[in-house]
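Report on the structure given below.
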Amino acid sequence: MREALLLGIALVAFVGSAFVPGGAFDSATRGAQTLLGNDSGNTDHAPQPRKTEDVSYAAWVAGVTELPRAVDGHFYTEALVNGSQVNFLIDTGASVVALTGADARAAGLYWSDADVAPIARGASGPVFGINVALERVSLGGHEARNVNAIIVPEGLEISLLGQSFLSTVQPVRIEQDRMILGE
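Here the sequence shown is numbered in this note's numbering, starting from 89 and rising by one per residue.
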């Protein structure tokens, strides 16, 4: 009798979480509309970062974050860096998180011109910046602390979410037009 009662409670909780606003049912419907091009709320075809609050409760509990592929073929998201929201291009080929100067300042990071030095080599020559450790980076239900990063004060158009964060989330995979972080 007790097992039947517990099973009933679990079933009600599961069904309830699937149909709450922003729950699994809404997420699946929104994802299908986006893939079919029926997302009537978005007529702008520029890359749209995924907002942290768009991640459904069910996905957060499961430890999964799904990001849609943008029209330009890349994956974008918003994540919290030291509590401040930052727009990112997901760059699986970048060794570390790279912040624009504006995003770094918004996250409470400051430097002087004397701190800027060559820190990497890019296709067009040396990359100038500052090595830092980010106190906290959060995306959906995933959080990492003491994340290696660089600040690129000039020349970086959008911050890059690289392997110093992505390696803390397992697995990271791409299925069709979705990047899936976690299981």
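Beta carbons: idealized from backbone N, C-alpha and C, even for Gly. Fair warning: this is a prediction, and the values are worked out from it, not measured in the lab.
By the neighbour-count criterion, in which a residue is buried when 16 or more other Cβ atoms sit within 10 angstroms of its Cβ, Y164 is buried. For P214, DSSP records a beta bridge to R209. For S183, the number of other beta carbons within 10 angstroms of its own is below 16, and it is reported as exposed. Segment contact: the stretch 183 to 199 against the stretch 219 to 238, three or more CB-CB distances shorter than 8 Å; contact assigned.
Fully enclosed beta strand (DSSP E) runs of no fewer than 3 residues occupy 185 to 188, 205 to 210, 213 to 227, 230 to 240, 247 to 249 of the stretch 180 to 255, in order along the chain. In this structure, L249 is the residue among Q264, Q258, L249 with its C-alpha nearest to the C-alpha of L187.
Assignment of beta-bridge partners to Q173 by DSSP yields L168. One thing to note: E154 has its Cβ within 7 Å of the Cβ of R266.
In its chain, beyond the 5 residues on either side, F216, G217, I218, P241 have a beta carbon closer than 8 Å to the beta carbon of V204. V185 sits close to V235, with the two beta carbons spaced by under 7 Å. In the structure shown, P156 adopts extended strand secondary structure according to DSSP, grouped into three states.
For the 7 Å CB-CB criterion, G243 and G151 do not form a contact. Taking G229 as reference, the option from A190, D191, Q258 with the minimal CA-CA separation is Q258. Per DSSP, the beta-bridge partners of V260 are L269. Short of 6 Å from the beta carbon of G189, and not among the five residues preceding or following it, lie these beta carbons of its own chain, in chain order: P241. When the beta-carbon positions are compared, A237 and T256 stay at least 7 Å from each other. At the C-beta level, L227 and A167 come within 7 Å of one another.
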